[in-house]
Every structure is written in C-alpha cells, then in structure tokens.
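One structure is given here, and the rest of the page talks about it.
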Amino acid sequence: MSLAIAGMGWVTPLGSGVDSVWERLLQGHEASATTISEPFSEQAYSAFRVPESAMAGFSYPRLRRASVISRFAAAAGLEALRAAGVELNSQNAERTALIFAISNGGVIYTRRFYRDIVDAGAQSASPLLFPETVFNAPASHLAAILGITGATYTLVGDGAVGLAAIKMAEDLMANEALEHCLVVGTEEVDWLLCDAYRRWRLLRRAPPIEPFSKQPRGMILSEGAGAILLGQDGPFTIESAHPGGCFTKRAEAEKILERTLRDLAETEIDFVVSSANGTFVDQAECRALKVVIPNAIVYTAKPALGESVGAAGLWQIMLAAQALRSRELPPVLHVRSTGSLQLPRARTSIPRARRAIVLSCGLNQQAAGLRLASD
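Residues 380 to 754 (this note's numbering) are what the sequence shown spells out, left to right.
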C-alpha cells in the first residue's frame, strides 16, 4: 500500500522547524561545529550540536529529567502533528501507532550511570538515570505525552534505520484500525560516540565533510530529530519503501544499493537524496548511481547538517519532500570531486520535479531506499 506524508517536524544543528531549516539550507548555510572534550583524555572532537535556541520554549514536566535525545524527539513529533493539523485525544490516540528509529541511544545518561558505578560502586547507581539508558526511553516519553496506548515500537539500527521504520509503518498501516503512524528518528552526540567512530576510522576531527571525495576523509557527527506523520492523505506519497539488504563487507554495499536503485527507478526519477557523508558510503552510492541512473541530480545535506545516524534516514525523506514542494535543491557544500555525478553546486531550480529517490547506506551493514512522489 502507498502511504502519504501528512506532516513533518525537524530539530537540527541549523535550528528547528521544517520551513526554517529548509530555507537555511537553500541559502547555503551549514551548522557550526562545537568542540567536545573530556578531562580524562587529551582527545577532542568536533560535532554539530542542536543550539539552545532550537529548543527554546519547549518544556514538558515529564521531560524535566529526560536526556536530550528524548527532548529532541518529542519536539519533532509534536511539530509533525501540528503541521498535519492532528490533535490526539482519547479516541484517535488509539488509532495512532508510534515507531522510533534509533541508533546509539541515550549515550550521555548511559555514560553517567556507569561512570558513577565505576567510581563509587554498584550502590551508587542512580534510579533517576537508569530509565534513560534503555533504547526505548524516547518512545516511552512521547507515547505518554501524546496519550498513545496502542502500538509503540523502537527499531535499532544504523543510518538506514529510518527507512526501515517507514517500511514497518507501511506494514502496520495495513491494519484498518489505524489512521496514522508517527515515525520519529532521533540522535544525541557525546564524546564517547565521537571516540568510538574515530577508532572505526569513520570520523574526522574537524569540518568540513567533503562528499564524494576519491579519498574518504571521514564524517562529523551531529544530533537532533526528525518526525514524519503518515496517513492516507497528504501532499507526498511514499510509492515504494524498499527494504534493501544487509552487507557483511563494504564491497557488498554497492551491489545492494544498485539492486535497490534498479527496483525504485522503474519510473522517471528527477533527483536522488544521497546519504554521502565523507566515508566509504560515498563511493558505494556513487558507483551504484552511475550504473543505474547516471543522469540524475544527486543531493546530500550531510556537509551542512552532519551525520545524525539514527535521525539521518528520516532527515533525507524530509529533504526530498521539501525539494518536491519548493521545486528547488540546496547547494551541496564542500565538493572537491563530483565523481561524474550531477551535484547542485548552487541553489538549483527543478521546476518539473515530481519523483525522488532517497538512498540510504548505513555504517553498520544496512542499506535501503525509498521513492517519494508529490501530488
């Protein structure tokens, strides 16, 4: 079945609000990097963090002690509902499902929880911190705020988990008892994450992210949330959510991406929103694109917004929707080599665009795709 996007919500390092963030991207803005350090290590890292101004005025008593990952998710989810004109009550909340896409989880509170145990013993474990260490904490908070008592799920994966969540929503919405499904992807940044991704040789210590470079130089982690409310009616239709596949070796990623693109490109495609982030992902997607749809315009926002991992897939879908709505693409920043792809170097008009592919390749063996169309 085909689902429609009824509303969207966005919290990013460039601020919050779908239209506001989109306009900044069109103008060629990029997030400002923040240095993250720890007293026990000489290693410092750069990350794109959500500015305090993006969450100004957002306050719920339930979230007073919650980690930032839960606050980001709640803010984005509530914005998506407002954008769709949907107000949940005791009747329609039962007909709304909630799916969270997450990757690293509440790392900040998890580290604090175990640091206290290491420093002072098991008796020092905080009962206030522990609930925030589980992967489904953000989903629990938002479900409680909205009064959702029905289907609530949390999917854990890599950068492609957002598309997997959309595929799951498609399956859930086959149940006629459901009217809407709210899909939320969220991520928070911590020094520990930066250190881990550096050890995996995926991180660079300072911006910029240089997409599609012949020699991958690494990514910059970011944080925030994206939310998409799915229903039967809306300005954008998800024509196909492709499950893609898993790869055990990086060399296999290209084959999965190529197969995914072939299935999604059965009809005319106007542009592709790529997940290129300065790592091995770029060349895998580049090679697959050149084989299947070599003339397509390709856009990636990760040089401007950073790699938000758990939130990344939903951000890509939202970027595709905004491009279809405005008939424009923002510039791809910090491009040194196009790899023979058609990348918009400046704000680019696409007046006849009606269909887009979202292509997502994660860093931990997942790849997926999606085709989006405007009415």
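Glycine included, C-beta positions come from ideal geometry on N, C-alpha and C.
None of these values were measured; they are calculated from a predicted model.
Closest by C-alpha distance to residue i, when choosing among the options
i	options	result
Ala632	Ala476, Ala746, Leu508	Ala746
Tyr678	Phe659, Ser687, Glu707	Glu707
Arg629	Ala732, Leu742, Ala522	Leu742
Gly529	Ile676, Arg494, Ile478	Ile478
Lys681	Ser446, Phe437, Leu393	Leu393
Tyr424	Val390, Arg724, Arg584	Arg584
Phe399	Ile415, Ala433, Phe419, Pro418	The sequence shown places Ser at residue 399, rather than the Phe named in the question. Comparing Cα-Cα distances from Ser399 to each of Ile415, Ala433, Phe419, Pro418, the minimum goes to Ala433.
Pro587	Leu684, Arg726, Glu602, Glu555	Leu684
Ala445	Arg428, Val513, Ser601	Val513
Glu550	Pro730, Glu645, Ser381, Val568	The residue asked about is misnamed: residue 550 is Asp in this sequence, not Glu. Of the candidates Pro730, Glu645, Ser381, Val568, the one whose C-alpha sits nearest the C-alpha of Asp550 is Ser381.
Phe419	Arg494, Ala548, Phe659, Trp694	Arg494
Ala472	Thr531, Pro440, Ala453, Gly484	Thr531
Lys593	Phe626, Cys625, Asp661	Asp661
Leu582	Gln744, Leu749, Glu402, Gln422	Gln422
Ala476	Ser482, Leu467, Asn483	Leu467
Arg638	His559, Val465, Ala690, Gly748	Gly748
Gly689	Asn483, Gln695, Ser654, Asp498	Asn483
Leu404	Lys634, Arg724, Glu511, Ile676	Arg724
Asn554	Ala543, Ala544, Arg474	Arg474
Val714	Phe591, Pro440, Glu558, Glu402	Phe591
Backbone secondary structure at residue i - three-state DSSP
i	result
Val711	coil
Glu618	strand
Trp579	coil
Thr658	coil
Ala412	strand
Phe650	strand
Leu749	strand
Thr639	helix
Gly689	helix
Ala630	helix
Phe437	coil
Ile326	Only positions 380 to 754 of the chain appear in this structure, which leaves residue 326 out of reach.
Leu477	strand
Met697	helix
Thr489	helix
Ile676	strand
Arg596	coil
Gln502	helix
Ala606	strand
Glu645	coil
Glu755	What is shown of the chain runs 380 to 754, which leaves residue 755 out entirely.
Thr528	coil
Ala735	strand
Ala383	strand
Ser728	strand
Gly613	coil
Gly623	strand
Ser705	helix
Leu534	strand
Gly541	helix
Val390	strand
Ser399	helix
Leu722	coil
Leu354	Residue 354 cannot be examined here, being either before or after the span of the chain that is shown, 380 to 754.
Leu405	helix
Integer-rounded CB distance, given that residue j should sit under 8 Å from residue i
i	j	result
Phe492	Ala480	So it is not a contact: roughly 23 Å between Cβ atoms.
Glu618	Ala752	5 Å
Gly396	Gly541	With a Cβ gap of about 19 Å, Gly396 and Gly541 do not count as contacting.
Leu561	Leu508	At roughly 27 Å, the Cβ-Cβ gap does not stay under 8 Å, so Leu561 and Leu508 are not in contact.
Lys669	Ala620	So it is not a contact: roughly 24 Å between Cβ atoms.
Met697	Asn656	Not really, about 17 Å apart at Cβ, beyond 8 Å.
Ala522	Val563	With a Cβ gap of about 11 Å, Ala522 and Val563 do not count as contacting.
Ala539	Gly623	7 Å
Glu417	Trp570	5 Å
Ala459	Met552	Actually they do not touch by this definition, with Cβ atoms about 16 Å apart.
Val535	Arg428	Contact flag wrong, Cβ pair sits at about 22 Å.
Phe650	Ile729	6 Å
Ala383	Phe615	6 Å
Beta-carbon contacts of residue i that lie in its chain and below 7 Å, excluding the five residues immediately before and after
i	result
Leu636	Ala663, Glu664, Ala667, Leu738, Cys740, Ala746
Arg641	Val671
Ala699	Val652, Ala735, Val737, Leu751
Glu409	Pro682, Ala683, Leu712
Gln502	none
Leu442	Ser449, Arg450, Ala453, His520
Sequence-distant residues of its chain with Cβ nearer than 8 Å to residue i (five each side left out)
i	result
Asn674	Gln721
Ala412	Ser425, Ala426, Phe427, Ala585, Pro586, Ile599
Beta-carbon proximity list for residue i, same chain, < 6 Å, skipping 5 on both sides
i	result
Gly407	Pro710
Asn515	Thr533
Ala335	The chain is shown only over 380 to 754; residue 335 falls outside these bounds and no answer can be derived.
Phe451	Val390, Thr565, Gly603, Ala604
Ala606	Gly388, Ala455, Gly456, Ala459, Val563
Ile448	Gly485, Pro517, Thr565, Glu567
Ala548	Ile478, Cys560, Val562, Leu609
Discussion item. Runs of 3 residues minimum, wholly inside the segment 418-473: which ones carry the beta strand (DSSP E) assignment?
Written reply: 424-427
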